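Peer 1: Residue numbers for the sequence shown follow the working numbering, beginning at 12 and rising by one. Please read through the structure below; I'll follow up with questions.
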Amino acid sequence: MVEDDVNLVGTLEKIVYSNPENGFLIGTFLTENSARPITVKGIVFNTHERETLRLKGYWENHKVYGRQFSIREFMPVEPTSAEGMVRYLSSEVFKGIGEKTAQHIVNKFGKDTFKIIDSSPELLSKVKGVRKKQQKSLLAAWDEQRGLRDVMTFLRGVGISHSYAQRIFAKNGLNSIPLIKANPYQLTDIPGIGFLTADGIARNLGFNKNSPHRAAAGLLYMLEQQALNGHTCFPLQTLLEKTAQELDIQAEMLKSSIRQLLDDSLLHSEKIQNINAEEEKLISRPRFYKAEQRVAENIYRILNSEAYTVFEGESSLIDEQERKVGLQLDPAQREAVEAALQHKVLIITGGPGTGKTTIVRFMLGLMRPRIPSIGLAAPTGRAAKRITETTGSAAFTIHRILEASNIGFQRDRENPLEQELLILDETSMIDTLLMDSFLEAVPSASRLILVGDVDQLPSVGAGAVLLDLIESGTIPVVRLDHIFRQAADS
């Protein structure tokens with residue numbers, strides 16, 4: 012059971028575990044009113060052992076480690092006792108200041124120690140044992156800690172949550188305040204902080220709704236919104252009109268911002284002819300444009316490379332497998348299997364009940380004795396489970412087959428997959444960025460079969476990859492249109 016938030020003040024005695032990338036920390040914490048340390052955990056950036064902190068959070072009972080304190084917010088504070096001041100000044104925050112030197116400083120200034128460091132730092136030279144180098148190091152660390160408190164106070168004051176404030180400080184340090192005052196829309200570079208949040212902060216700071224920073228961020232935001240709707244690019248004129256209308260920004264400012272974003276390579280433009288044979292300019296984020304380019308390049312690479320395994324006498328092989336499993340394929344299904352044996356890359360598309368899973372199961376039975384390494388994958392865990400159950404062969408999510416980790420996919424062009432045959436199910440659900448990552452990891456000599464219903468299940472991200480590949484005319488496509496039954500075996 013989670014309790015209500017409580018506040019604790021004390022010393023971080025020991026850091027048991029710390030992840031500098033996300034700030035997660037597990038440590039022991041000695042509160043002012045306790046003789047024994049407690050276990051604390053949470054997101055805590057830029058902190059050190061023996062530092063005095065104010066924590067806000069709640070108690071919880073871990074089934075293995077017992078009662079511990081989960082941190083929601085933290086703030087460095089100055090200790091008030093002589094012992095606490097010595098511990099703080101001799102902590103890792105102030106490198107080069109040992110416990111003996113810290114004791115000399117506190118003995119000299121007593122309860123005014125921090126006041127002296129803050130307002131009359133030159134007096135440190137009168138303390139026994141404090142060398143000039145130590146004094147310089149101590150004051151630099153003191154300014155940083157004071158800056159951290161100032162930054163956190165400023166960020167909370169403009170409406171940023173504590174957890175995001177920590178991430179902002181971790182990225183920008185003491186420059187956080189001037190950077191945000193100059194352009195609060197830079198905050199959208201922090202994962203989790205979107206345009207609308209940054210826009211609210213900008214209003215609090217008095218930014219004009221037609222500022223160039225807002226116009227540029229607004230255009231990028233509108234493109235990201237279109238990406239959520241499946242579009243990897245957008246017509247320039249429509250983008251300008253939609254942004255002007257929805258965000259109330261002057262058209263001239265948007266045109267100027269578009270030019271600047273293109274000059275800075277934050278946007279990509281491409282001229283095409285629309286359905287009316289008129290020239291039109293499409294605008295996209297570079298990551299989508301580059302991903303689509305790589306998808307096309309990788310498909311070409313796989314199509315034009317020699318396969319690990321070459322099949323001969325396709326018709327005889329199919330006849331033999333039909334007798335073995337007691338199944339007679341209909342003409343379209345047989346065409347699909349023949350095409351899979353003949354081509355490096357194949358698309359099989361059809362609606363529910365048209366026999367897509369039957370074909371996959373049939374091909375697995377035919378190919379497995381001849382191709383020792385086969386991989387089955389799908390974009391979601393649910394889809395992977397379904398194909399496993401209906402084919403009797405283990406299938407995995409694309410993320411798992413690519414060995415996803417917190418730093419990205421481990422499988423790529425330099426460390427490709429090892430399967431000689433790869434079958435992707437529910438391909439219509441795969442967005443451009445994920446297909447790009449997958450194809451980067453497919454060996455040139457491997458075979459690739461893409462299965463899906465192009466008229467159903469849109470991708471969860473930007474792009475209609477399956478439809479684009481079909482319409483490109485570069486990949487053999489078998490369409491199944493005869494419905495056998497309405498069931499999971501589709």
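Positions of the beta carbon are idealized from the N, C-alpha and C atoms, including for glycine. What you are looking at is a predicted structure, and each value in this text was computed from that prediction instead of being measured.
1) From Val-13 to Ile-54, what does the alpha carbon distance come to, in whole angstroms?
2) Closest by CA to Leu-41, which one among Lys-25, Asn-240, Glu-482?
3) What runs of the alpha helix (DSSP H), each 4 residues or longer, lie entirely inside the segment 407–469?
4) Excluding the 5 residues flanking Ala-452 on each side, which residues of the same chain have their C-beta closer than 8 Å to its C-beta?
5) State the DSSP-derived secondary structure class of Ser-81, mapped to helix, strand or coil.
6) Counting only runs that start and end within the segment 111–189, where is the alpha helix (DSSP H) found for 4 or more residues in a row?
7) For Met-446, collect the residues of the same chain with a Cβ closer than 6 Å to its Cβ; drop the 5 residues on either side in sequence, then sort them by chain order.
8) Between the alpha carbons of Glu-400 and Arg-372, how many angstroms are there, rounded?
9) Do Thr-112 and Thr-63 have their C-beta atoms within less than 8 Å of each other?
10) What did DSSP end up calling Ser-45 once you bin it into helix, strand or coil?
11) Determine the closest residue to Gly-34 out of Val-348, Arg-178, Ile-269, with distance taken between C-alpha atoms.
12) Check whether the Cβ atoms of Ala-152 and Val-104 sit closer than 8 Å, and answer yes or no.
13) Start and end of the alpha helix (DSSP H) containing Asn-215?
14) Classify Val-97: buried if its beta carbon has 16 or more other beta carbons within 10 angstroms, exposed otherwise.
15) So which of Leu-450, Gly-95, Ile-128 has the shortest CA-CA distance to Leu-314?
16) What beta strand (DSSP E) runs, 3 residues minimum, are completely inside the segment 259–304?
17) State the DSSP-derived secondary structure class of Met-12, mapped to helix, strand or coil.
18) Using a Cβ-Cβ cutoff of less than 6 Å, which residues in the same chain neighbour Asn-183 once the five nearest sequence positions on both sides are dropped?
19) Going by beta-carbon coordinates alone, are Ile-382 and Thr-320 separated by less than 8 Å?
20) State the start and end residues of the unbroken alpha helix (DSSP H) segment that holds Thr-199.
21) Buried or exposed for Leu-216, please, with buried defined as at least 16 other CB atoms from any protein chain shown within 10 angstroms of its CB.
22) With C-beta atoms as the reference, is Arg-8 less than 8 Å away from Lys-355?
23) Could you please give the first and the last residue of the uninterrupted beta strand (DSSP E) stretch that includes Gly-386?
24) Look at Gly-474 and Thr-243 and say whether their C-beta atoms are less than 8 Å apart.
Peer 2: With the structure as the only source:
1) Position 2 of the sequence shown, counted from the first residue, corresponds to residue 13. Position 43 of the sequence shown, counted from the first residue, corresponds to residue 54. Per-residue confidence for Val-13 stands at a pLDDT of 45, beneath the threshold of 50, marking its modelled position as unreliable; the derived number appears in the next sentence. The alpha-carbon atoms of Val-13 and Ile-54 are separated by roughly 18 Å.
2) Counted from its first residue, the sequence shown places residue 41 at position 30. Checking every option, the nearest Cα to that of Leu-41 belongs to Lys-25.
3) Whole alpha helix (DSSP H) segments, 4+ residues: 409–412, 443–451.
4) Residue 452 sits at position 441 when you count from the first residue of the sequence shown. Around Ala-452: Leu-413, Phe-420, Arg-422, Asp-423, Arg-424, Asn-426, Pro-427, Leu-428.
5) Your numbering for residue 81 matches position 70 in the sequence shown. Here Ser-81 carries a strand assignment [DSSP, helix/strand/coil].
6) Counting only runs that start and end inside the segment 111–189, the alpha helix (DSSP H) elements of at least 4 residues fall at 124–130, 143–168, 173–183.
7) In the sequence shown, residue 446 corresponds to position 435, counting from 1. Residues of the same chain with a CB within less than 6 Å of the CB of Met-446, apart from the 5 flanking positions on each side, are Val-306, Val-476 in chain order.
8) Counted from its first residue, the sequence shown places residue 400 at position 389. Counted from its first residue, the sequence shown places residue 372 at position 361. About 11 Å.
9) The count along the sequence shown starts at 1 and reaches residue 112 at position 101. The count along the sequence shown starts at 1 and reaches residue 63 at position 52. Result no, Cβ atoms of Thr-112 and Thr-63 do not sit closer than 8 Å.
10) Reading the sequence shown from its first residue, position 34 is the one you call residue 45. Three-state DSSP puts Ser-45 in coil, outside helix and strand.
11) Looking up residue 34 in the sequence shown gives position 23. For the set Val-348, Arg-178, Ile-269, the Cα lying nearest the Cα of Gly-34 is the one of Arg-178.
12) As a first step, residue 152 is located in the sequence shown; it is residue number 141 there, counting from the start. As a first step, residue 104 is located in the sequence shown; it is residue number 93 there, counting from the start. The beta carbons of Ala-152 and Val-104 sit closer together than 8 Å.
13) Looking up residue 215 in the sequence shown gives position 204. Looking at the DSSP string, the run of the alpha helix (DSSP H) that includes Asn-215 is 206–215.
14) Position 86 of the sequence shown holds residue 97. The residue is buried, with at least 16 neighbouring Cβ atoms inside 10 Å.
15) Stepping through the sequence shown from its first residue, residue 314 is reached at position 303. The alpha carbon of Leu-314 has as its nearest neighbour, out of Leu-450, Gly-95, Ile-128, the alpha carbon of Leu-450.
16) List check, beta strand (DSSP E) in window: 279–284, 290–295.
17) Along the sequence shown, one-based indexing puts residue 12 at 1. Summary for Met-12: the model assigns pLDDT 41, below 50, so the residue's position carries little reliability; its value from the coordinates is reported in the next sentence. DSSP places Met-12 in coil when its eight states are reduced to three.
18) Taking the first residue of the sequence shown as 1, we reach residue 183 at position 172. Around Asn-183, the same chain offers Leu-190 as residues with beta carbons nearer than 6 Å, after the five sequence neighbours per side are excluded.
19) Within the sequence shown, numbered from 1, the residue matching residue 382 stands at position 371. Within the sequence shown, numbered from 1, the residue matching residue 320 stands at position 309. If you check the CB distance, Ile-382 and Thr-320 come in under 8 Å.
20) For the purposes of this step, residue 199 is taken as residue 188 along the sequence shown, with counting starting at 1. Careful: Thr-199 lies outside any alpha helix (DSSP H) and carries neither H nor E.
21) As a position in the sequence shown, residue 216 is number 205, starting the count at 1. So Leu-216 counts as exposed.
22) Absent from the model: residue 8. The displayed extent of the chain is 12 to 501, so no value can be given.
23) Residue 386 sits at position 375 when you count from the first residue of the sequence shown. From DSSP, the beta strand (DSSP E) with Gly-386 extends over 385–389.
24) On the sequence shown, residue 474 is found 463 positions in, with the first residue counted as 1. On the sequence shown, residue 243 is found 232 positions in, with the first residue counted as 1. For the 8 Å CB-CB criterion, Gly-474 and Thr-243 form a contact.
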